[in-house]
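For the sequence shown, the positions run 8 to 126 when the working numbering is used. Even glycine gets a Cβ: it sits at the ideal position worked out from N, Cα and C.
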Amino acid sequence: MIYSTYIVSISETVVVELAKEAVEAIRRAEQEADQIVKDASAKGAKMIADAKNEANGRYEKRISEAREKARIDLEAAGQQGADLITKTLRQAEKETESLRKSAEEKEQTAIQWILSNIL
Numbered sequence: 008m009i010y011s012t013y014i015v016s017i018s019e020t021v022v023v024e025l026a027k028e029a030v031e032a033i034r035r036a037e038q039e040a041d042q043i044v045k046d047a048s049a050k051g052a053k054m055i056a057d058a059k060n061e062a063n064g065r066y067e068k069r070i071s072e073a074r075e076k077a078r079i080d081l082e083a084a085g086q087q088g089a090d091l092i093t094k095t096l097r098q099a100e101k102e103t104e105s106l107r108k109s110a111e112e113k114e115q116t117a118i119q120w121i122l123s124n125i126l
């Protein structure tokens, strides 16, 4: 019986040690799991921040490109407007000259008619 008490004592010690090792293994696993969750959370937050920064960069680039295109289009429209004004003024000058010549011819015709009727 001496051996059975000793065996029981050793068995209890082994069981206690195994239980302690199991508890410690569970604690380590929980700590590792907590660290994995923290790391994943930090990585996710960084990915979100990076995505926001990239989106903002793309947005700013597109806004800048749109403003540049609008500026170029506005300059082109201004030039087209100036060209149209120049063309219209030239046409108006031609029409004015044509009307002036027509008026001079009619004036000469009127003067000749008056002179022919008076004399």
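*Rounded separation between A49 and A73 - CA only*: What you label residue 49 is simply residue 42 of the sequence shown in a count that begins at 1. What you label residue 73 is simply residue 66 of the sequence shown in a count that begins at 1. Near 36 Å, if we compare the C-alpha coordinates of A73 and A49.
*asked:* Could you compute how far the alpha carbon of I118 sits from the alpha carbon of E111?
replied: Reading the sequence shown from its first residue, position 111 is the one you call residue 118. Reading the sequence shown from its first residue, position 104 is the one you call residue 111. Taking the straight line from one Cα to the other gives about 10 Å.
*Taking the C-alpha atoms as reference points, what is the distance between R78 and I43?*
Taking the first residue of the sequence shown as position 1, residue 78 is located at position 71. Taking the first residue of the sequence shown as position 1, residue 43 is located at position 36. So the alpha carbons of these two residues sit roughly 52 Å apart.
*Measure the C-alpha to C-alpha separation of A99 and T116 and round it to an integer number of angstroms.*
As a working mapping, residue 99 is identified with position 92 in the sequence shown. As a working mapping, residue 116 is identified with position 109 in the sequence shown. So the two alpha carbons sit approximately 25 Å from each other.
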